[in-house]
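Chemist: Residues in the sequence shown are numbered consecutively from 628, following my numbering. A virtual CB, placed ideally from N, CA and C, is assigned to each residue, including glycine.
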Amino acid sequence: MPNTKTVRVPHLGGITAAYQMPHPYDSSKPTLVMVNSFTTSSELYRDQYSNRELTSKMNLVAIELLGHGQTHTENENWTYWDTAVMNVQVMEALWIEKATGEEELEEADSARQIQGIIPLGTSLDFESDRTRSLGCWDAPKLLSKRIDGWTTNDYTPDFEPDDEYCNWLIDIGFGKDCEKDVRKYWKKTIKDNYQGNDGRRRARMAAINLRDRDGLHARLWDVKCPVLWLHGTDDAVYSVPNAEAESSCSQTRMTLGW
Numbered sequence: 628m629p630n631t632k633t634v635r636v637p638h639l640g641g642i643t644a645a646y647q648m649p650h651p652y653d654s655s656k657p658t659l660v661m662v663n664s665f666t667t668s669s670e671l672y673r674d675q676y677s678n679r680e681l682t683s684k685m686n687l688v689a690i691e692l693l694g695h696g697q698t699h700t701e702n703e704n705w706t707y708w709d710t711a712v713m714n715v716q717v718m719e720a721l722w723i724e725k726a727t728g729e730e731e732l733e734e735a736d737s738a739r740q741i742q743g744i745i746p747l748g749t750s751l752d753f754e755s756d757r758t759r760s761l762g763c764w765d766a767p768k769l770l771s772k773r774i775d776g777w778t779t780n781d782y783t784p785d786f787e788p789d790d791e792y793c794n795w796l797i798d799i800g801f802g803k804d805c806e807k808d809v810r811k812y813w814k815k816t817i818k819d820n821y822q823g824n825d826g827r828r829r830a831r832m833a834a835i836n837l838r839d840r841d842g843l844h845a846r847l848w849d850v851k852c853p854v855l856w857l858h859g860t861d862d863a864v865y866s867v868p869n870a871e872a873e874s875s876c877s878q879t880r881m882t883l884g885w
């Protein structure tokens with residue numbers, strides 16, 4: 628059984644948004660809103676939930692994106708911007724007045740509640756030739772095959788992501804040499820989250836969102852809160868040269884850390 632709770636928010640005519648908050652909300656503490664990576668779930672942060680040193684100092688709230696985990700909407704099409712609006716509405720529904728957000732720079736354009744952003748291993752550009760020339764992954768090539776394979780008008784009650792997809796996702800997210808129990812856990816979690824016809828449709832739209840997302844370069848001027856960009860030196864998706872190039876030319880108050 629998922630460890631999430633859900634809250635109903637109005638965006639897109641209604642979204643059942645799933646989240647995890649390991650401890651009751653304490654308004655005297657700062658709040659960190661965490662957003663999981665592509666086709667994972669809020670279980671990505673289970674080590675943080677159990678870290679008493681961390682939870683004693685701040686509220687942790689992990690919100691599952693549209694198309695991820697237990698978050699559902701009747702709309703078949705949506706974008707990352709819709710997830711950003713949804714996240715702000717979840718904060719409002721949970722009476723969270725101010726927070727620092729992890730990952731979602733889109734949120735900073737959406738709400739004054741966002742006090743800071745901590746993007747992890749990201750790119751501010753769309754999936755462009757420029758980023759690929761700097762060593763970032765080739766999202767159109769890597770994702771289009773999956774999107775095409777998941778695009779059908781046929782009813783697919785027996786669908787689940789295959790082992791090849793699960794292992795690929797784990798390799799780029801956790802490393803090819805990750806522990807066996809980590810790989811086993813996430814293979815099961817990914818398969819469980821994307822079962823049947825609804826699972827196929829959600830996985831397809833999540834992949835379309837990632838492949839076809841728009842860039843943020845022209846919008847960075849409007850990000851007024853501080854940004855702490857954390858980037859792994861062995862990141863398999865977005866390269867260090869790209870992180871250095873984008874952070875140095877940004878108009879925001881941005882700090883890059885390794």
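Please confirm whether THR658 and ALA711 have their CB atoms less than 7 Å apart.
Modeler: Taking the first residue of the sequence shown as position 1, residue 658 is located at position 31. Taking the first residue of the sequence shown as position 1, residue 711 is located at position 84. The answer is no: Cβ separation not under 7 Å.
Chemist: Is VAL809 helix, strand or coil when you go by DSSP?
Modeler: Residue mapping note: residue 809 aligns to position 182 of the sequence shown, counting from 1. VAL809: helix per DSSP, three-state reduction.
Chemist: Figure out for me which residue from ASN630, LEU692, PHE786, ASN686 has the closest Cα to the Cα of LEU837.
Modeler: Here residue 837 corresponds to residue number 210 of the sequence shown, with the count starting at 1. Comparing Cα positions, the closest option is LEU692.
Chemist: Here's the rule: buried if 16 or more other CB atoms are within 10 angstroms of the residue's CB, otherwise exposed. What is ALA845?
Modeler: Within the sequence shown, the letter at position 218 stands for residue 845. Flag for ALA845 reads exposed.
Chemist: Mapping DSSP to helix, strand and coil, what is TYR652?
Modeler: One-based indexing of the sequence shown puts residue 652 at position 25. It is coil, neither helix nor strand.
Chemist: At what residues does the beta strand (DSSP E) containing ASN686 begin and finish?
Modeler: By one-based count along the sequence shown, residue 686 stands at place 59. 686-690 is the extent of the beta strand (DSSP E) around ASN686.
Chemist: Answer with buried or exposed for TRP848, where buried requires no fewer than 16 other C-beta atoms within 10 angstroms of its C-beta.
Modeler: Residue 848 sits at position 221 when you count from the first residue of the sequence shown. TRP848 should be labelled exposed.
Chemist: Give a yes or no on whether the C-beta atoms belonging to ARG829 and GLY641 are separated by under 7 Å.
Modeler: Within the sequence shown, the letter at position 202 stands for residue 829. Within the sequence shown, the letter at position 14 stands for residue 641. It is not a contact, given that the beta carbons lie outside the stated cut-off.
Chemist: Relative to the C-alpha of ALA833, which candidate in LYS807, VAL854, THR700 has its C-alpha closest?
Modeler: On the sequence shown, position 206 is the one that residue 833 refers to. Of the candidates LYS807, VAL854, THR700, the one whose C-alpha sits nearest the C-alpha of ALA833 is THR700.
Chemist: What span of residues does the beta strand (DSSP E) with LYS632 cover, start to end?
Modeler: Walking along the sequence shown from the start, residue 632 turns up at place 5. LYS632 -> beta strand (DSSP E) spans 632-636.
Chemist: Measuring only the C-alpha atoms, how far is LYS811 from GLU724?
Modeler: Here residue 811 corresponds to residue number 184 of the sequence shown, with the count starting at 1. Here residue 724 corresponds to residue number 97 of the sequence shown, with the count starting at 1. Cα to Cα, the separation comes out at about 38 Å.
Chemist: With three or more C-beta pairs closer than 8 Å as the rule, is the segment 852-865 touching the segment 748-760?
Modeler: Yes, the segment 748-760 touches the segment 852-865.
Chemist: Identify every residue that forms a DSSP beta bridge with HIS699.
Modeler: Against the sequence shown, residue 699 aligns to sequence position 72. Paired residues: THR643.
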